[in-house]
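Novice: In order, the protein sequences belong to chains F and H.
Just so it is clear: in the first sequence, position 171 is 289 by this note's numbering, and no numbers are missing.
Just so it is clear: in the second sequence, position 85 is 495 by this note's numbering, and no numbers are missing.
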Amino acid sequence: MNSKADRIILILFLLVSAGLFFVPGFVESEYVLRLITMVIFWVGIAGCWNIMSGYTGYIDFGPVVYFGIGSYVNAIAMTKYSLAFFPSLFLSGVLSAVVALIIGIPTLRLKGAYFAIATFAFAEAMKQITLEFDRTFKVSFFQGSDGITLPISGYDNAFFFYCILPVTFLVMLTHYFIEHSKFGYGLKAIKEAEIGAEISGVNTTAIKLRAYITSAFFLGLFGAIEAYWITYITPSEVFNVQKTVQMVIMTLLGGMGTFLGPIVGATFLTLLSESLGTRFVEYYLIMIGAIIIVAILIMPSGIIGTLKIRKRLRFI
Amino acid sequence: MTGLKCDKISMKFGALSAVQMVSFSLNPGEILGMIGPNGAGKTTLFNCIIGILKPTSGKIYLNDADVTGMKPHKICRMGMAKTSQIMQPFMTMTVFENVLVGALHGAQLKMGQARRETEKVMELVQLTEHADKLSNSIPVPARRRLELARALASGANILLLDENMAGLNPHEIDEALKILKKIRDSGKSLIVVEHIMRAVMGISDRIIALNYGAKIAEGFPEEVVNNEAVIKAYLGEKLSSLKVA
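Laid out in structure tokens, this is it:
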């Protein structure tokens, strides 16, 4: 639906993205720059989950696995094969996508809770593999729980800001494309009635796989960038299920299967936990939990989703 | 030969034979009625033909190509589509977008072309007034027509309609029949499963009757409704008073 509202939102989105490009030049405080980077980072990651689960309704409970694979590919390629950062970054995305293809073919046949369990199990399995591989085979590859230290980049926060911004931009552009394309109508049809979609000519398996791989590719990029940024990774950190939970909650809070959902949800939650976290160090997690519960009770379809339903608006 | 040919289709669920050795063919431009009591296997047979179920044995030929066990989306793209008894609109999409999915994915059209095709189909089934409404906010007769529109937009030449008139009042049935005839006149062939005898009799060129998964009669409408087996299994009494439209 190429409505007027959609075009206004796209123009706003492009303007904001262009404006963000100049932020490191204006922001003096490293803290503020880092905070803005974190917001953009989470918008992108939540967006990755939204591409797959938000639009198809297949609840992926292991997206963090592709984030972790990206981190590890980057770390190993840079330390063991002395690859430069950008080729290594690209390789991370591609390998994540390849793994997604291999894993997606069997798991995307599963539905509902079974799909969630399978993806969750795969993420946990990858964590265990990276933890135990070296000890089992007496090699030094993943370096188990010792983790891998990446080469110190020497780059400042602005560099990573400029790494993350384009990836998030591409993730959101993919959303816009989904909203207005054959691919997107296929995804939404699957969410509403999969058999109905199939008998209307939608190649459901192929389309789900495409969404899954796209999501994994971008997650791999994010994982690689973060690994290089914090320079030290361990399996329990990069495969942490909490990242998955955060992606899910941010998207749910913003609105699943909407363009604005991940943007609103991730921005809201990142800023909220930052502002509460600095003021109420001991209680802020309880407070955030309560706020999330209230928000979901009042707005079961998320902020954007509920707005669309209540106001009977048609926008992305 | 163009059209649809089913050769000795059987579908077993464990010990239960839902469909037993059913053979029939559908000629181009023909409307084939399918009748039978509840549980006779009509919907199961449809699901086998359209690829949702893989028949235990038997072959299905679409325009002479063997499509047995093919995935539904492939069968759809080869020119056969189904409307479901239990309506499955894409709820959060508008009526227009629902039909657009068929045009984009079934007929594999580009966006601009697909939109034009969608408009044409919606005109044909009289849905234009509902175009921008959400598909769960329109009345039942319109939803039935929406299913029909989605199937038509997918470019199918053969339409399987599974109780597409269920829940309609007599006036609405007349309207629906007019639309079906228009569709047939545009060169499509249809298989119509229906319990409303007035509708089936009024529209079918031929009728086949199923009972307990097996075909018990086939022929012109008057022959089938006067067939002893059909009367015993399904109709209960002779439809002598029935007015054939």
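We treat Cβ as the ideally placed atom computed from N, Cα and C, and that holds for glycine.
Got a sec, what are the start and stop residues for the alpha helix (DSSP H) F335(F) sits in?
Specialist: First-last of the alpha helix (DSSP H) with F335(F): 322 to 348.
Novice: According to the neighbour-count rule (16 or more other Cβ atoms, all chains shown, within 10 Å of its Cβ), is V399(F) buried or exposed?
Specialist: Exposed: under 16 other Cβ atoms inside 10 Å.
Novice: Quick one: using the 10 Å Cβ neighbour count with 16 as the cut-off for buried, is N579(H) buried or exposed?
Specialist: Exposed: under 16 other Cβ atoms inside 10 Å.
Novice: For the alpha helix (DSSP H) that contains L192(F), what are its first and last residues?
Specialist: Sequence check: residue 192(F) is Asn here, not Leu. Where N192(F) is concerned, the enclosing alpha helix (DSSP H) stretches over 182 to 198.
Novice: On the criterion of 16 or more Cβ atoms from any shown chain inside 10 Å, does N448(H) qualify as buried, or is it exposed?
Specialist: So N448(H) ends up on the exposed side.
Novice: Determine the contact status of H515(H) and G319(F), defining contact as a CB-CB distance below 8 Å.
Specialist: Yes, the pair counts as a contact, with Cβ atoms nearer than the cut-off.
Novice: Between which two residues does the alpha helix (DSSP H) holding K530(H) run?
Specialist: Here the alpha helix (DSSP H) through K530(H) covers 521 to 534.
Novice: So, do the segment 345 to 359 of chain F and the segment 268 to 281 of chain F have three or more beta carbon pairs nearer to each other than 8 Å?
Specialist: The segment 345 to 359 of chain F, when compared against the segment 268 to 281 of chain F, does touch it at the 8 Å Cβ threshold.
Novice: Return helix, strand or coil for R227(F), following the three-state DSSP convention.
Specialist: Residue state, collapsed to three classes: coil.
Novice: Would you say K326(F) lies against chain H (beta-carbon separation less than 8 Å)?
Specialist: Cβ-Cβ to chain H under 8 Å: no for K326(F).
Novice: Could you spell out where the alpha helix (DSSP H) holding G319(F) opens and where it closes?
Specialist: Counting along the chain, G319(F) falls outside any alpha helix (DSSP H), and DSSP gives it neither H nor E.
Novice: Go through its chain and collect everything with a Cβ distance to S420(H)'s Cβ below 7 Å, but skip five positions before and after it.
Specialist: Cβ within range, chain order: S427, V429, Q430, M431, P465, T466, S467, G468.
Novice: List, from N- to C-terminal side, the alpha helix (DSSP H) runs of 4 residues or more that fit wholly inside the segment 393 to 430 of chain F.
Specialist: Listed in chain order, the complete alpha helix (DSSP H) runs (minimum 4 residues) inside the segment 393 to 430 of chain F are 402 to 416, 420 to 428.
Novice: Is the distance from the Cβ of I194(F) to the Cβ of S214(F) below 8 Å?
Specialist: Not closer than 8 Å, so no.
Novice: Looking only at its chain, what residues have a beta carbon closer than 8 Å to the beta carbon of V134(F), apart from the 5 residues adjacent to it on each side?
Specialist: Result list for V134(F): empty, nothing under 8 Å.
Novice: Which one or two residues does DSSP pair with I606(H) in a beta bridge?
Specialist: Answer is none; I606(H) lacks a bridge partner.
Novice: What are the residues that DSSP puts in a beta bridge with F434(H)?
Specialist: Beta-bridge pairing links F434(H) to C416(H).
Novice: Along the chain, where does the beta strand (DSSP E) that runs through D572(H) open and close?
Specialist: First-last of the beta strand (DSSP E) with D572(H): 568 to 572.
Novice: From R397(F) to L389(F), what does the alpha carbon distance come to, in whole angstroms?
Specialist: Roughly 13 Å between the two C-alpha positions.
Novice: Can you confirm whether C416(H), when its beta carbon is compared against all beta carbons of chain B, has any partner nearer than 8 Å?
Specialist: This model lacks chain B altogether; the protein chains it does include are F and H.
Novice: Taking a contact to mean a Cβ-Cβ separation below 8 Å, would you say F500(H) touches V511(H) in this structure?
Specialist: It is a contact, given that the beta carbons lie within the stated cut-off.
Novice: Alpha carbon to alpha carbon, how far is Y402(F) from A234(F)? Give it in angstroms, no decimals.
Specialist: Taking the straight line joining both Cα atoms gives about 29 Å.
Novice: List, in order along the chain, the chain H residues whose C-beta lies closer than 7 Å to that of A311(F)?
Specialist: What A311(F) touches in chain H: Q498, F500.
Novice: Apply the 10 Å Cβ neighbour rule to R555(H) and answer buried if 16 or more other Cβ atoms are within range, or exposed otherwise.
Specialist: With 16 or more Cβ atoms within 10 Å of its Cβ, R555(H) is classed as buried.
Novice: Using a Cβ-Cβ cut-off of 7 Å (strictly less than) and excluding sequence neighbours within five positions of S494(H), which residues of its own chain qualify?
Specialist: E557, D572, listed in sequence order.
Novice: Would DSSP call G629(H) helix, strand or coil?
Specialist: Strand at G629(H).
Novice: When you compare only the Cα positions, how much space is there between N415(H) and N621(H)?
Specialist: Residue identity check: residue 415(H) is Lys in the sequence provided, not Asn. So the alpha carbons of these two residues sit roughly 20 Å apart.
Novice: Using a C-beta to C-beta distance shorter than 8 Å, which residues of chain H count as neighbours of A164(F)?
Specialist: Per Cβ cutoff of 8 Å: no residues; A164(F) is ~20 Å from chain H at best.
Novice: Would you mind reading off the limits of the alpha helix (DSSP H) that contains I270(F)?
Specialist: Element bounds for I270(F): n/a, residue is neither H nor E.
Novice: Would you call the segment 155 to 175 of chain F in contact with the segment 286 to 304 of chain F, where contact means no fewer than 3 C-beta pairs closer than 8 Å?
Specialist: A contact exists between the segment 155 to 175 of chain F and the segment 286 to 304 of chain F.
Novice: Any idea if P181(F) is buried or exposed, counting beta-carbon neighbours within 10 angstroms, 16 or more meaning buried?
Specialist: With 16 or more Cβ atoms within 10 Å of its Cβ, P181(F) is classed as buried.
Novice: When you compare the CB of K530(H) with every CB in chain F, is at least one pair closer than 8 Å?
Specialist: Output row for K530(H): interface = no.
Novice: Leaving out the 5 sequence neighbours to the left and right, which residues in its chain are closer than 7 Å to E316(F) when beta-carbon positions are compared?
Specialist: Excluding residues within five positions, the ones whose Cβ falls inside 7 Å are T322.
Novice: Looking at chain F, is there any beta carbon in it that lies within less than 8 Å of the beta carbon of C458(H)?
Specialist: Chain F, which has no Cβ nearer than 8 Å to the Cβ of C458(H), makes this no.
Novice: For the segment 550 to 596 of chain H, list the beta strand (DSSP E) runs that are entirely contained and at least 3 residues long, ordered along the chain.
Specialist: The segment 550 to 596 of chain H contains these whole beta strand (DSSP E) runs: 568 to 572.
Novice: Does T504(H) come out as helix, strand or coil in the three-state DSSP assignment?
Specialist: Here T504(H) sits in strand by DSSP.
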